[in-house]
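Here's the structure, in structure tokens; my notes come after.
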Amino acid sequence: MQIVLLESLGVSDAVMEKHRARLEKMGHTLLTYEKNTDPEVQVERCRKADVVMLANMPLDPSVIREASNLKFIDVAFTGVDHIPVAAAREKGIAVSNASGYATQAVAELCVSFMIQLLRNVEATQDRCRSGGTKDGLIGSLLCGKTVGIVGAGAIGRRVAALCKAFGCTVLAFSRSAVSDPSIDRQVSLPELLAQSDIVSLHCPLTEETRGMIGKEQLEQMKDSAILINTARGYVADQEALACALREGQIAGAACDVFDKEPPLPAYHPLLHTPNTIVTPHIAFASVESMEQRAEIVFENLYSWLDGKQLNAV
2 MQIVLLESLG VSDAVMEKHR ARLEKMGHTL LTYEKNTDPE VQVERCRKAD
52 VVMLANMPLD PSVIREASNL KFIDVAFTGV DHIPVAAARE KGIAVSNASG
102 YATQAVAELC VSFMIQLLRN VEATQDRCRS GGTKDGLIGS LLCGKTVGIV
152 GAGAIGRRVA ALCKAFGCTV LAFSRSAVSD PSIDRQVSLP ELLAQSDIVS
202 LHCPLTEETR GMIGKEQLEQ MKDSAILINT ARGYVADQEA LACALREGQI
252 AGAACDVFDK EPPLPAYHPL LHTPNTIVTP HIAFASVESM EQRAEIVFEN
302 LYSWLDGKQL NAV
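Right, here's the structure in full:
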């Protein structure tokens with residue numbers, strides 16, 4: 002079979018060569034390419050592919066139409082909203098993801114965002130660099146705060162556990178029943194927004210969650226509260242969030258995801274709001290999680306070649 006990897010998995014050449022050798026010994030061919038979002042380039046690279054592997058690069062729907070041999074899409078990422086899953090399903094193409102590889106990485110960054118915002122790290126750093134002091138910028142502890150987790154999947158529950166270790170009260174909003182010792186109460190979204198000092202988003206992007214944090218929801222939050230988004234940019238209305246930050250409706254935010262994949266245009270509203278941490282989609286990216294991701298995605302591949310699909314979407 003021809004297996005096409007459309008972008009780097011962020012691991013060493015030695016790791017890639019190990020898997021290439023194993024696949025060749027099995028009688029398969031692994032072709033690897035640098036990331037290219039041009040639909041024509043993607044189609045040409047995948048034209049004869051039986052398997053396509055990629056991470057978070059959008060896969061153009063034309064690949065599904067034109068790659069007549071395609072049988073399996075192996076996604077080295079948790080979310081699959083960048084994959085034309087419905088079109089793949091119609092053609093009988095299996096799709097698997099790499100769920101779980103970045104749970105700890107995302108959770109750690111999320112908690113660090115909470116602490117940085119509560120302790121005014123960015124503002125006090127600017128003061129220190131300009132010869133100033135902390136006067137007027139005394140921060141608050143994470144301990145004792147109420148943290149609201151929106152989406153209590155694996156990452157949400159891990160964030161809950163870390164927050165519990167810091168001495169927080171943890172609320173959760175989830176479409177299914179949640180039973181986890183780190184979560185004190187499962188509540189409705191309005192209750193969570195009204196009661197939380199920190200709201201952290203961890204839900205997938207679906208038609209139900211697109212824009213679920215908009216103007217109305219932001220108005221339900223405390224004016225002292227902060228919002229953390231390490232989920233998907235479209236879960237929170239970007240313009241509404243920027244407006245809430247500018248008007249002091251909420252106290253701060255940290256966004257690792259946006260309504261487009263970075264690099265962001267200079268005019269993006271969340272680049273110009275007060276007390277806002279912005280990072281270019283780094284939550285999943287650690288040396289350890291990249292290695293784990295590669296192992297998961299290749300194990301998906303070997304299992305599928307053996308007739309068993311793991312991590313099916």
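Be aware that the sequence shown starts at 2, since it is given in this note's numbering, and climbs by one per residue. For every residue, glycine included, the Cβ atom is placed at its ideal position computed from N, Cα and C.
Look up residue i in the DSSP assignment and say whether it is helix, strand or coil.
i: residue 112; result: helix
i: residue 176; result: coil
i: residue 279; result: strand
i: residue 265; result: coil
i: residue 314; result: coil
i: residue 237; result: strand
i: residue 96; result: strand
i: residue 250; result: coil
On the CB-based measure, 16 or more other CB atoms within 10 Å of its CB, does residue i come out buried or exposed?
i: residue 275; result: exposed
i: residue 273; result: exposed
i: residue 36; result: exposed
i: residue 98; result: buried
i: residue 139; result: exposed
i: residue 180; result: exposed
i: residue 222; result: buried
i: residue 158; result: buried
i: residue 268; result: exposed
i: residue 164; result: buried
i: residue 266; result: exposed
i: residue 288; result: exposed
i: residue 127; result: exposed
i: residue 245; result: buried
i: residue 281; result: exposed
i: residue 27; result: exposed
i: residue 134; result: exposed
i: residue 284; result: buried
i: residue 42; result: exposed
i: residue 106; result: buried
Assuming residue i is part of the beta strand (DSSP E), what are its boundary residues?
i: residue 73; result: 73-76
i: residue 202; result: 199-202
i: residue 229; result: 227-230
i: residue 256; result: 253-256
i: residue 32; result: 30-33
Are residue i and residue j closer than 8 Å when you measure CB to CB?
i: residue 10; j: residue 186; result: no
i: residue 152; j: residue 204; result: yes
i: residue 233; j: residue 82; result: yes
i: residue 31; j: residue 47; result: no
i: residue 184; j: residue 143; result: no
i: residue 172; j: residue 202; result: no
i: residue 298; j: residue 54; result: yes
i: residue 200; j: residue 226; result: yes
i: residue 241; j: residue 278; result: no
i: residue 131; j: residue 312; result: no
i: residue 156; j: residue 210; result: no
i: residue 189; j: residue 147; result: no
i: residue 239; j: residue 95; result: no
i: residue 44; j: residue 63; result: yes
i: residue 75; j: residue 2; result: no
i: residue 231; j: residue 257; result: yes
i: residue 17; j: residue 38; result: no
Can you find a C-beta in chain B that's less than 8 Å from the C-beta of residue i?
i: residue 23; result: Of the chains in the structure shown, none is chain B; there is only one protein chain.
For the alpha helix (DSSP H) containing residue i, name the first residue and the last one.
i: residue 206; result: Neither: residue 206 is in no alpha helix (DSSP H) and is coded neither H nor E.
i: residue 306; result: 288-306
i: residue 223; result: Residue 223 -> no alpha helix (DSSP H), and no H or E assigned at all.
i: residue 196; result: 190-196
Within 7 Å: the Cβ of residue i and any heavy atom of the ligand NAD?
i: residue 10; result: Absence of the ligand NAD is noted for the structure shown, with no ligands found whatsoever.
Completely contained alpha helix (DSSP H) runs for the segment 4-28, where each covers 4 or more residues | 14-26
Identify every run of the beta strand (DSSP E) within the segment 42-94, keeping only runs that are complete inside it and at least 3 residues long; order them along the chain.
-> Runs of the beta strand (DSSP E) spanning 3 or more residues and lying entirely within the segment 42-94 occur at 52-55, 73-76, in chain order.
What alpha helix (DSSP H) runs, 4 residues minimum, are completely inside the segment 121-172?
-> 122-130, 155-166
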